Structures are given as C-alpha cells and as structure tokens.
Amino acid sequence: MCATPDEDDIGWGIRFFAGTYLDAYLWRSGRIRGYTVARWKRPRHVADPTELNEQEAAGFWRELLIVGDILKQHYEPLKLNIALFGNVLPHLHAHVIPRTLDDGGQDEQQVAADTLALRALLAAGETESDVLAQEGTDW
Ligand SMILES: [Zn+2]
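So the sequence shown is residues 1 to 139, counted in the UniProt record's numbering.
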C-alpha cells in the first residue's frame, strides 16, 4: 500500500478524502454501502500505530475522525465501526464501516454518487466534530 498512486481512482477504491496523514477511499467491491478504507499516506512505511510519533498519531486519528464524521452525516448509520487490521496488508490503514440494518448494498453508480456527496460535505466544512475548524494548530 506504500506504492498506492496519488490518484482519486485507484481501482479498488475511489478517494473522497485527501488529508495530510491519510487518504480515504470508498471501497468499490465492498457490499456494504459506505465501506471505507483510510490508508496512512506519509512518505515512510508504517505497519501499525505504535510506530507513529506523537504528532503523526494525533494527525492520523484527527483525520480518521473527520472521515468518520462525514460518513455518519452522509449514511446516518446505526453504528460506525472502525477497525485496524493488517494481516493481509501490513501497512497502516483503517476500515471505517457505517453499519445499518440492511447495510444498503451498492453498485458502481452508487459508489460514484456517494463519492461526490462526501466530497461536497467535506468541501462545505460540514463536520460536527470541529476538527476542521481548528486552524492554526501545528500538527
Ligand atoms: Zn507501507
């Protein structure tokens, strides 16, 4: 995953959030609508969060919360699951999964439409956790 290109469409997913510490993609093949994978994007390889320094850890989690918040606004899930694995891909990434009773289901058109809606919410600064409003922080 270190070699993931800096492009919006990377095949398995479409990027809707490009942060300083992570990029978040709607997972195209996931059957659960809104299934998101957020991957660590800094230049050096990191396998798990214990390898992050304090600033990186704060930045990673802040951006992960921005992603989670925007997913909650758009999908209105019953519960937002956040999981960090790495058995298959030992590069720091999080699965962010808005769960609903029927989990929605999705196809290519739905993923594309959701991507545009999430980008619009982010561009409008429509985040409830005021992490985007904290300009001037030095992390
Ligand atoms: Zn890596």
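Note that CB positions come from ideal geometry on N, CA and C, so glycine has one too. Everything numeric in this text was worked out from a predicted model, so none of it was measured.
- Under the rule that a run must span 3 or more residues, the beta strand (DSSP E) segments found entirely inside the UniProt domain "HIT" (44–106) read 79–83, 93–99.
- Counting C-beta pairs with one atom in each stretch, the stretch 48–57 and the stretch 115–125 have fewer than three that are closer than 8 Å, which means they do not touch.
- A contact between stretches requires three or more CB pairs, one per stretch, nearer than 8 Å, and the stretch 91–108 meets this requirement with the stretch 22–34.
- As the crow flies, the alpha-carbon of Cys-2 is around 15 Å from that of Thr-20.
- Linking Arg-31 to Asp-114 through their CA atoms gives a straight-line distance of about 14 Å.
- Within the DSSP bridge table, the entry for Val-37 names Tyr-25, His-95 as partners.
- Counting only heavy atoms of ligand 1, the residues whose C-beta sits closer than 5 Å to one of them are, along the chain, Cys-2, His-45, His-91.
- According to DSSP, residue pairing for Asp-9 in a beta bridge involves Ile-14.
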